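S.K.:
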Amino acid sequence: MERLPYTPTELLICTAARLMEDGATAFIGTGIPMLAASLAQKMHAPNLIPVFEFGGTGAILKRLPRAVGESRTFYRAIAASGICDIIETAQRGFIEYGFLGGAQIDPYGNLNSTVIGGTHDRPQVRLPGSGGGNDVGSHCWRTIILMQHERRRFVEKVDFITTPGYLTGPGAREAAGLPPGTGPYRVVTSLAVLGFHPETKRMMLLQLQPGVTVEQVRQNTGFELLIADRLEENEPPTPEELRILREEVDPERLYI
Amino acid sequence: MERLPYTPTELLICTAARLMEDGATAFIGTGIPMLAASLAQKMHAPNLIPVFEFGGTGAILKRLPRAVGESRTFYRAIAASGICDIIETAQRGFIEYGFLGGAQIDPYGNLNSTVIGGTHDRPQVRLPGSGGGNDVGSHCWRTIILMQHERRRFVEKVDFITTPGYLTGPGAREAAGLPPGTGPYRVVTSLAVLGFHPETKRMMLLQLQPGVTVEQVRQNTGFELLIADRLEENEPPTPEELRILREEVDPERLYI
Amino acid sequence: MRVLESGIGELLQPYSMVEFREWNRTQKPKGFQDKRMTEQEAIARFVHDGDYIGTELYGTVRCPMSLAREIVRQGKKNLRAVGQGVLELDLWVAAGLISAMDITYHGLEIHGVSSVLRRAAESGRLKLVEWSNGAIAWRMKAAAMGVPFIPIKSMLGSDTFRYSAAKVVECPFTGEKVCLVPALVLDVGLIHVHRADPYGNAQIDGISGFAFEMARACKRLIISAEEIVDPEEIRRYPERTIIPYYLVDAVVHAPFGSHPGEMAYLYERDDLHMREFLEACRTEEGMQEYLNTYVYGVRNHEEYLERIGHERLSALRRAVLGR
Amino acid sequence: MRVLESGIGELLQPYSMVEFREWNRTQKPKGFQDKRMTEQEAIARFVHDGDYIGTELYGTVRCPMSLAREIVRQGKKNLRAVGQGVLELDLWVAAGLISAMDITYHGLEIHGVSSVLRRAAESGRLKLVEWSNGAIAWRMKAAAMGVPFIPIKSMLGSDTFRYSAAKVVECPFTGEKVCLVPALVLDVGLIHVHRADPYGNAQIDGISGFAFEMARACKRLIISAEEIVDPEEIRRYPERTIIPYYLVDAVVHAPFGSHPGEMAYLYERDDLHMREFLEACRTEEGMQEYLNTYVYGVRNHEEYLERIGHERLSALRRAVLGR
């Protein structure tokens, strides 16, 4: 894709940003979601309310945060409280979107960011752990997952369910005691935008990123993927999106 | 007692004040306890930490509060938080003394401030209810009860246990799940200072107020009273105590 | 962790955290809207007959009295209330608006029992369920946390528990007995603050009582404020925001909104008026006369303040205790 | 309300609320004492081998790094830690001080996984029990409330629950499934604040993370502060006190105490130093060299700051974001 006027990361950011509605509350994690939220605020969603794990609510994302606790996450915010208040606000149903990443994802949107291979006590690879991921995935109404689209990451069964997706399928979240009406909403990658089938809750291809084929997506997915009847192609990042992203969102080039 | 240089109320205040140790935390309710705390701060306990139900901790009792929430309860306080923080601080075991009143008390120090006579749904007399009383009596290490000493108030069985004393006797508090080592410590009246027998947990006469006889106390108590082996007489209020009480603690004569 | 004991009191406000979540998602204003309106409009729009209602802090201290009086003026009916109160509850109970109450304390502070409560309770007109003050606050805290109950160590062994709707269980970790209190989700809450912006972001000076918890435990929330400030002032000190705007449905500008009660650092309690009230509330007639003079007899908060008199009000400002 | 499911993770810090109450009554300083002391004295007196320890907020944000480094310098052994961390945990784990951890997140933020954690965990040297970030904060909140557990709606259905020490029960009021997390009572906690008085009354500007909860969940609490202020300043704004003095055992004056992390409104994160650390922590050797240079190689915080260089530090002050 090197001849394209944008990088895969920029594509990911712009795609995620478009999913953020004006005036909505969004639980923002470290990395890409921060850039997407900042871009959305500067484009179509000036009243987007970014919510950060350790207490920042409604900040103006002037400078790009590098972590979910730093002062950039509550710069001119409407409130600066603490982690309990924030996660309880999500638990009370106030947070619409939650943005998550992970090392592995399965067809039901279950995420692993804890261990890969071996046993829990003696893993092949030890990852950072849940952090706020499990809380976001449990309480936010619509979680949006940002992933690198690779076969080893899109697996039939994750080694460890750090954050619950639809677990084993329809009704499983509710049976586990998780709030009804919540769960993974979209999976955004540099190859596609995916959703979940309303009945089976299995991952379904909804949109292809510009120039990407269904076959490419299939090759990079380690499980059988449902395909939407009317498959759309996502619009490439506009020059305006790219300009704002590069000049205003991340001029220090922390991420892009 | 009208020839005495002090009123029964003043005697009650001075007696209660003497029970407050310097540097101790004391949960202060409306009325007499406020005057006692203020007097103690100005006499022997400059570092007494008064704690008030709705958030005031360590206030300088410059003007006498008329209610547990008003600004006088957190004037130049070390902290002004809220009711949950305060009662959780007591629940965590940080508050040594709790001061309580009530309409009825029984031999085990159980207090009634809810209903007298009739049924709960149709009482003869409806009283204000627990307020923070039940919380104070459950969590503070040593509760000190201030009462008018009348036969109709010192009864064999209270009509309603608003605030737990020793309930039915030894071990009953612990069996109910209340924190071990807590319970009524003293009952202060204008006739006497009473405590509770270490084994039986029944009320025991410890001190007589100046000029009062055991017989007088018995006549005004509606149940059989234990008498300490070495019965002491309480010192009358000193001129200094009375001066400070009248000129500095309550110059507006809100209470005295 | 089986239930060892259950209070026999009625759960006056049945609840579902699932439904509360749905409400918070679909019924609360997430956008930045100017929510300023008068007492009349706020009460007419957001308080309905049959509601379960609560105020914070209480009667004589930072209490939304201008809103409490407007509720009487509009004659809302068959309300259920959470009862930590002095003056505001006397007005409502005397006006016959309250059918049942989760009560922790309804009295006159140093002036003893409330004759209004006595008349209503002793005649059996008012249904009462008992709680400790901590238990009431913790019930709101459970709702604010988004969980169906909270464990506490109060109420155990008492009749206060027996006549409540709490339960005793054994802790599955330590084996000790704990009291569980159910979450309290209010239909509507009224909170008076020092300052708020037009969206409802609110700050309180001094103690915060249970404002944090109640604001997060209400389906509808009306804020009255001594001062309306620019949102920029809120954003300059975000750590001072106790109530974020998205919890708030209406913002009422109410100077002296806590009168005759006090407002920390702004004005003292009106002892003259309190004495008048204490005298009046002794009898049914006295109380009705008080209501006629100070509630029914004035059309709104402005007229009420005129009746009190601006000289008296400025004297209360001068008498205030500083920091 | 029977237990439906129990996590298989070990409860790393057994607790008793009865014992915690006794401790708070007998071991905490209720009088007004000047508690100022150096990092060396505070750590020597209040951190013991085998302790269960925690820091707030975390590595790169308002973290008591001068205290964290002193712990490494004094070589405290066999510590158990509560793990929301970045830099501070890397120092401790790399120095071999930690035997077990209640982990929620240990990584390098945008820079990914921690090689230090990987080496320790993948070799089986470090015992880990899993929790969500909310669960860890709520466990401290339970202790702060003085109750043995708290119900939450996180963790349900996940392996995070399965490898924790939490339990699932049925709510006796609503019948829904809830996850119960046990109270977390730390042996010792370290919190860095903007200002404190000599007694320990402390204020924090901006977000408070989980300082409120942790301060109330510790048996011993060491505060480090950018600035020591007169108690009168604390008493002038009592609503700003997040940590009252009676919770505090030691007060350490530590300007730039959060370096290389940031301190809201005072100084920015030191990206240059972070890059050096990120490079170093990749290998066992690099990490040891880092420790030699910045921890073992300096006797105290003052020497550490000299090594960083005052020009760099004042640049960080100038770069700070205002209000």
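Residue numbers (this note's numbering), protein chains in the order written: chain H, 1 to 256; chain Z, 257 to 512; chain V, 513 to 835; chain P, 836 to 1158. Each residue gets a CB set at the ideal place from its N, CA and C atoms; glycine is no exception. Being a predicted model, the structure only gives us computed values, none of them experimental.
1) Is the number of C-beta pairs between the stretch 1134-1144 of chain P and the stretch 859-877 of chain P that are closer than 8 Å three or more?
2) Got a sec: which bits of the stretch 323-342 of chain Z sit with their beta carbon under 7 Å from any beta carbon on chain C, in order along the chain?
3) Cα separation between P33(H) and L846(P)?
4) Return the chain-ordered ranges of every alpha helix (DSSP H) run that is complete within the stretch 293-374 of chain Z and spans a minimum of 4 residues.
5) To the nearest angstrom, report how far apart L100(H) and R1071(P) are at their CA atoms.
6) Cβ closer than 7 Å: which chain Z residues qualify as neighbours of R856(P)?
7) Note down the Cα distance separating H704(V) from I610(V), rounded to an integer number of angstroms.
8) Tell me where the beta strand (DSSP E) around H822(V) begins and ends.
9) Quickly, what does DSSP pair Q848(P) with across the bridge? List them, please.
10) Name the residues in the stretch 277-291 of chain Z whose C-beta lies less than 9 Å from a C-beta of chain P; which are they?
11) Would you tell me roughly how many angstroms separate the C-alpha atoms of N220(H) and I906(P), rounded to the nearest one?
12) Give me the residue from K298(Z), T265(Z) and E352(Z) with the minimum Cα distance to V444(Z).
13) Are there three or more Cβ pairs, one per stretch, closer than 8 Å when the stretch 650-663 of chain V is compared with the stretch 380-390 of chain Z?
14) Could you check how far apart the C-beta atoms of L245(H) and L39(H) are, in whole angstroms? I think they sit under 8 Å.
15) With a threshold of 7 Å (Cβ to nearest heavy atom), would M775(V) be considered close to the ligand FAD?
16) Residues of the stretch 771-782 of chain V with a CB closer than 9 Å to any CB of chain Z: list them in chain order, please.
17) According to a CB-to-CB cut-off of less than 9 Å, which residues of the stretch 304-323 of chain Z neighbour chain P?
18) Which residues in the same chain have their Cβ closer than 7 Å to the Cβ of L167(H), if we skip the five residues on either side of it in sequence?
19) With which residues is C730(V) paired in a DSSP beta bridge?
20) Less than 8 Å separating the beta-carbons of L146(H) and A16(H)?
21) Would a C-beta distance cut-off of 8 Å place E497(Z) and A979(P) closer than the cut-off?
22) Which residue's Cα is closest to the Cα of Y6(H): R230(H), Q209(H) and V217(H)?
23) Please determine, among K976(P), N1036(P), T1076(P) and D1032(P), the residue with the shortest C-alpha to C-alpha distance to L1015(P).
24) Should I483(Z) be labelled buried (16 or more other beta-carbon atoms within 10 Å of its own) or exposed?
25) Out of curiosity, what's the CA-to-CA distance linking R348(Z) and I740(V)?
26) Below 8 Å on the Cβ atoms is my contact criterion, and I expect T616(V) with W643(V) to pass it. Report the Cβ-Cβ distance as a whole number of Å.
27) How would you list, in chain order, the residues of chain V whose beta-carbon sits under 9 Å from the beta-carbon of T1009(P)?
28) If you follow the alpha helix (DSSP H) that T9(H) is part of, which residue opens it and which one closes it?
29) With 8 Å as the C-beta to C-beta threshold (strictly closer), list the residues of the stretch 391-418 of chain Z near chain V in chain order.
30) Leaving aside the five residues before and after H618(V) along the sequence, list all residues of the same chain whose C-beta is less than 6 Å from its C-beta, in chain order.
31) Mind checking if G1044(P) is an interface residue toward chain Z, Cβ cutoff 8 Å exclusive?
32) Among all the DSSP beta bridges, which residues are the ones paired with S635(V)?
33) Go through its chain and collect everything with a Cβ distance to H785(V)'s Cβ below 6 Å, but skip five positions before and after it.
34) Is it buried or exposed for E1097(P), if we count other Cβ within 10 angstroms and need 16 for buried?
35) Within 10 angstroms of the Cβ of K865(P), are there 16 or more other Cβ atoms? Answer buried if so, exposed if not.
36) Looking at the C-beta of G718(V), does it have a partner C-beta in chain P at a distance below 8 Å?
M.R.: Reading it off the structure:
1) yes
2) Absent from the structure: chain C. Protein chains present are H, Z, V and P.
3) 34 Å
4) 339-347
5) C-alpha separation (whole angstroms): 43 Å.
6) R348, G349 and P435
7) 21 Å
8) No beta strand (DSSP E) contains H822(V), which is instead part of the alpha helix (DSSP H) from H822 to R830.
9) Answer is none; Q848(P) lacks a bridge partner.
10) D278, G279, A280 and T281
11) 47 Å
12) Distances from the CA of V444(Z) to each of K298(Z), T265(Z) and E352(Z) were compared; the closest alpha carbon is that of T265(Z).
13) By the Cβ test, the stretch 650-663 of chain V is not in contact with the stretch 380-390 of chain Z, since fewer than three Cβ pairs between them sit closer than 8 Å.
14) Rounded, the Cβ-Cβ distance is 5 Å, consistent with contact.
15) Questions concerning the ligand FAD fall outside what the structure shown contains, since it holds no ligand whatsoever.
16) G773, E774, M775, A776, Y777, E780 and R781
17) I305, G311, G312, T313, G314, A315 and I316
18) Counting only residues of its own chain and dropping the five nearest sequence neighbours on each side, L167(H) has a CB closer than 7 Å to the CB of Y108, N110, R173 and A176.
19) L698(V)
20) yes
21) no
22) Q209(H)
23) K976(P)
24) Flag for I483(Z) reads exposed.
25) Between the alpha carbons of R348(Z) and I740(V) lies a distance of about 39 Å.
26) 5 Å
27) Y527, S528, M529, V530, P660, F661, P694 and A695
28) P8 to R18
29) Taking 8 Å as the Cβ-Cβ cut-off against chain V, the residues of the stretch 391-418 of chain Z that qualify are D391, S394, H395, F416, I417 and T418.
30) G595, G597, L601, S626 and L629.
31) no
32) The partner list for S635(V) (beta bridge, DSSP) is empty, contrary to what the question assumes.
33) Here the set comprises P772.
34) buried
35) buried
36) yes
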